Amino acid sequence: MKSPGHWEDRLTNYLVQFINILVNILLIAIVARALMSWFPPPSQDSPFFVIRQMINQITDPIIEPIRRIMPSMGMLDLSPMVAMILLIIIRAILLRVL
């Protein structure tokens, strides 16, 4: 006979894994976006155009609100770094609650 909390433990483990995977994917996408910003945009017939567009679509909902709030620092855009720090803090809070 299984303990009463067995399925809750499994669900919590799955949720923790999901949060970790999701945050890691978002962190990788933000780093990729920051690195790609150093290079000129690819032409529309390039496969890199689709990749860049996909990464921008994934990261825009996170980075754009931060970019609107933060003051402009000329050519230096710190919004990806702030987004990464916020994601790590949010993950830590969520995992502590679970």
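Numbering (the working numbering) for the sequence shown: 1105 to 1202. Glycine included, each C-beta is placed from N, C-alpha and C at the ideal position. All values derive from a computational prediction rather than experimental measurement.
Here's the rule I'm using: 16 or more other beta-carbon atoms within 10 Å means buried, otherwise exposed. How should residue i be labelled?
| i | result |
| --- | --- |
| Ala1133 | buried |
| Met1176 | It is worth fixing the name first, because residue 1176 is Ser in this sequence and not Met. It is exposed - the Cβ of Ser1176 has fewer than 16 other Cβ atoms within 10 Å. |
| Pro1184 | buried |
| Thr1163 | buried |
Quick one: give me the first and last residue of the alpha helix (DSSP H) that residue i is part of.
| i | result |
| --- | --- |
| Pro1184 | Ser1183 to Val1201 |
| Trp1111 | His1110 to Met1140 |
Can you give me the C-alpha to C-alpha distance between residue i and residue j, rounded to a whole angstrom?
| i | j | result |
| --- | --- | --- |
| Leu1130 | Leu1139 | 14 Å |
| Pro1151 | Arg1200 | 40 Å |
| Pro1145 | Met1158 | 13 Å |
| Asp1211 | Arg1172 | Because the chain here runs from 1105 to 1202, residue 1211 falls outside it and cannot be looked at. |
| Asn1128 | Gly1178 | 29 Å |
| Asp1149 | Phe1143 | 17 Å |
| Ala1196 | Ala1136 | 23 Å |
| Ser1147 | Ile1123 | 35 Å |
| Leu1202 | Ile1167 | 26 Å |
Less than 7 Å between C-beta atoms, sequence neighbours within five positions excluded: which residues of the same chain meet that for residue i?
| i | result |
| --- | --- |
| Val1186 | Ile1170 and Met1174 |
Less than 8 Å between C-beta atoms, sequence neighbours within five positions excluded: which residues of the same chain meet that for residue i?
| i | result |
| --- | --- |
| Met1105 | Confidence in Met1105 is poor, its pLDDT being 49 and thus under 50, which makes the residue's placement too unreliable to answer from. |
Got a sec? Which residues, its chain only, sit under 6 Å from residue i by beta carbon, not counting five neighbours each side?
| i | result |
| --- | --- |
| Gln1161 | none |
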